[in-house]
Amino acid sequence: MTQEFESYKGIHPGKVIERLLTKRNINQRPFALALPEHPQTFNAILKGKRSLNIGLALKIERALDLEEGSLMTLQVHYDLKLERLRTQGPGPNIPPVIFWDVDMSKIDWEKRAEYVIRRVYERGDQAMRNEIDRYYGIEKVNEILSGLNRTASGNLPIMPHLKR
């Protein structure tokens, strides 16, 4: 896999193809018909609703002059990510109000530990902080939070750049 695609691991290959088509100013319907592939099927792949199969991946790679196997490698990494999310145990018992802007069922609690810990310590109450300490372990929490400025109440400042 080329260096260009290394950063796309875990992203559905359809999103990557869609970005490549946009960058090259190629319309998806004529491109799909030129492969030949049904435009509806191709659109479902671009939107991440269908998986990319080997035959279509090879056709797309040839048409876009990509390294052979790079799109299927992305598909495998995406499938691994989905399976890891599906099989991971339940995350910490935190009310969804803390993560109001995120679908909590899609959070990778281990990979996003730093984000989760900071978010709960910025916006959560003591019970939520205790749950984070229990879930991640006090050592990991302290490691992530070390060096951060805290207010007198122990909270992390949400917008420290704004002065009152």
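Using the numbering used here, you'd call the opening residue of the sequence shown number 382 and step up by one each time. All C-beta atoms in this analysis are idealised placements derived from N, C-alpha and C, irrespective of residue type, glycine included. In this text the structure is predicted, and so the values were computed from the model without any measurement.
Just how far apart, CA to CA, sit residue i and residue j?
i	j	result
lysine 487	arginine 465	11 Å
glutamine 409	leucine 401	11 Å
glutamate 495	histidine 419	43 Å
isoleucine 475	leucine 461	26 Å
serine 527	threonine 403	42 Å
aspartate 416	arginine 405	Aspartate is not the amino acid found at residue 416; the sequence shown has leucine there. Straight-line Cα distance between these residues: approximately 16 Å.
lysine 492	valine 483	15 Å
tyrosine 389	arginine 431	18 Å
glutamate 442	isoleucine 525	41 Å
threonine 422	isoleucine 407	17 Å
arginine 467	alanine 444	34 Å
glutamate 385	tryptophan 481	33 Å
glutamate 399	glutamate 387	17 Å
asparagine 511	methionine 453	42 Å
With 16 as the cutoff for other CB atoms within 10 Å, does residue i come out buried or exposed?
i	result
proline 411	exposed
methionine 485	exposed
asparagine 457	For clarity, residue 457 is valine in the given sequence; the question names asparagine instead. That one is exposed.
serine 451	buried
alanine 413	buried
isoleucine 519	exposed
tyrosine 459	buried
In chain order, what residues of the same chain have a beta carbon less than 6 Å from the beta carbon of residue i, not counting five sequence neighbours either side?
i	result
glycine 472	Trp490
aspartate 446	none
Identify, in the order they occur along the chain, each residue of the same chain with its Cβ nearer than 8 Å to the Cβ of residue i, setting aside the five sequence neighbours on each side.
i	result
isoleucine 479	Arg500, Val501, Arg504, Gly505 and Met509
proline 477	Met485
For residue i, which residues of its own chain have a beta-carbon under 7 Å away from its beta-carbon, when the five flanking residues on both sides are left out?
i	result
valine 522	Ile498, Ile513 and Asp514
glycine 395	Ile426, Leu427, Lys428, Gly429 and Leu433
Assuming residue i contacts residue j (C-beta within less than 8 Å), just tell me the rounded distance between them.
i	j	result
isoleucine 392	leucine 455	7 Å
glutamate 448	leucine 439	That belief does not hold up - the Cβ atoms of glutamate 448 and leucine 439 are roughly 11 Å apart, past 8 Å.
(Q) Which runs of the alpha helix (DSSP H) at least 4 residues long sit entirely within the stretch 428 to 464? Give them in chain order. (A) Taken in chain order, the whole alpha helix (DSSP H) runs of length 4 or more contained in the stretch 428 to 464 are 435 to 445.
**Q.** Whole alpha helix (DSSP H) elements within the stretch 387 to 419, 4-residue minimum
**A.** 394 to 404 and 409 to 415
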